[in-house]
Amino acid sequence: YTFLMEYPLWLAVVLISLELHSIRETDYNWLQSKFINSPWIVKLCIFAIVLQLVINFSHHSIQPFIYTQF
């Protein structure tokens, strides 16, 4: 429970990814055509959101190198 409260963004991305893996092929094709036909500004916003998610996830996984203290 504490893990879910500590990383809600990670949990949301995992749940959305699992949901997208289970959609039908017709829904996937519809979503793909919507993305392809969307204006470039929408694609740019999606890219910025994905880039921000990558940056946020990379900061959570950085562990200090403890051997430099010895």
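In this text, residue positions in the sequence shown follow the numbering used here: the first is 899, and each later residue adds one.
Each residue gets a CB set at the ideal place from its N, CA and C atoms; glycine is no exception.
> What alpha helix (DSSP H) runs, 4 residues minimum, are completely inside the stretch 912-965?
Replying inline: 923-935, 938-958
>> What does the alpha-carbon distance come out to for the pair L913 and Y926?
In response: 17 angstroms
> Nearest-angstrom Cα distance between Y899 and W908?
Replying inline: 14 angstroms
> If we ignore side chains and look at the alpha-carbon of each, how far apart do S956 and R922 end up?
Replying inline: 31 angstroms
> Is L949 near V911, with beta carbons less than 8 angstroms apart?
Replying inline: no
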